[in-house]
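Before any comments, here is the structure.
In the numbering used here, the protein residues as written are 412 to 564.
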């Protein structure tokens, strides 16, 4: 009797591949009453198939900049992480949700915390980046293709 090998969707590793923090004009804040303007930019999620064994990489990057009204740059915090994952079946709905939703959610939440640490370590107050659900976004964008019922109320 042959044993069936059970395959699971799983994250093999998550690596920080790039991180930087610059504060070229921190002293420019001294004595100013103007409010800084903070911009958060997310890279598109990049999914790359590594081999025919179901191994993929999922990459996501984030950039947070803080400027004053006169365009003086106060700080820039950037980070990028890459996850290596294995999915059980490319055509399986659960595997697609895992690859396109769950894994980007994991990376994004890790990046949110890491960028906040960079900012605080640079001598600035905590900056909490808003939560984004890549899984929910994937399900909404692919509801028709996945034959899902969506309640838009």
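Glycine included, C-beta positions come from ideal geometry on N, C-alpha and C.
Since the structure is predicted, the reported quantities are computational estimates derived from the model, not experimental observations.
With a threshold of 6 Å on Cβ separation, who are the neighbours of residue 418 within its own chain once the five nearest residues in sequence on each side are excluded? Translated into the one-based positions of the chain shown, residue 418 becomes position 7. The residues are 499.
Given this structure, state the Cα-to-Cα distance separating residue 550 from residue 495, to the nearest angstrom. Residue mapping note: residue 550 aligns to position 139 of the chain shown, counting from 1. Residue mapping note: residue 495 aligns to position 84 of the chain shown, counting from 1. Taking the straight line joining both Cα atoms gives about 22 Å.
Counting beta carbon pairs with one atom in the segment 443-451 and one in the segment 462-481, are three or more of them shorter than 8 Å? yes
Might you give, ordered along the chain, the residues of its own chain that have their beta carbon closer than 8 Å to the beta carbon of residue 521, omitting 5 neighbours on each side? Start at 1 with the first residue of the chain shown, and residue 521 comes out as number 110. So the qualifying residues of the chain are 425 and 492.
Reference residue 466; option with closest CA among 501, 517, 543 and 545: The residue you call residue 466 lines up with position 55 of the chain shown. The residue with the shortest Cα to Cα distance from residue 466 is 501.
Residue 423 - DSSP class collapsed to helix/strand/coil: If you number the chain shown from 1, residue 423 lands on position 12. Strand.
Ignoring anything shorter than 4 residues or poking outside the segment 494-554, list the alpha helix (DSSP H) runs there in chain order. 504-508, 514-532 and 545-552
Does DSSP put residue 437 in a helix, a strand or coil? Locating residue 437 in the chain shown gives position 26, counting from the first residue. It is helical.
In whole angstroms, give me the CA-to-CA distance for residue 458 and residue 433. Within the chain shown, residue 458 is the residue found at index 47, counting from 1. Within the chain shown, residue 433 is the residue found at index 22, counting from 1. The straight-line gap from Cα to Cα measures roughly 29 Å.
Residue from 535, 461 and 518 with nearest C-alpha to residue 438: Along the chain shown, read from residue 1 onward, the residue named residue 438 stands at position 27. When each option's Cα is compared against that of residue 438, the closest is 535.
Buried or exposed, going by whether 16 or more other CB atoms sit within 10 Å of the CB of residue 509? Position 98 of the chain shown, counted from the start, is the residue given in the question as residue 509. So residue 509 counts as buried.
Around the Cβ of residue 523, are there at least 16 other Cβ atoms within 10 angstroms (buried) or fewer (exposed)? Taking the chain shown and counting its residues from 1, the one referred to as residue 523 is at position 112. Flag for residue 523 reads buried.
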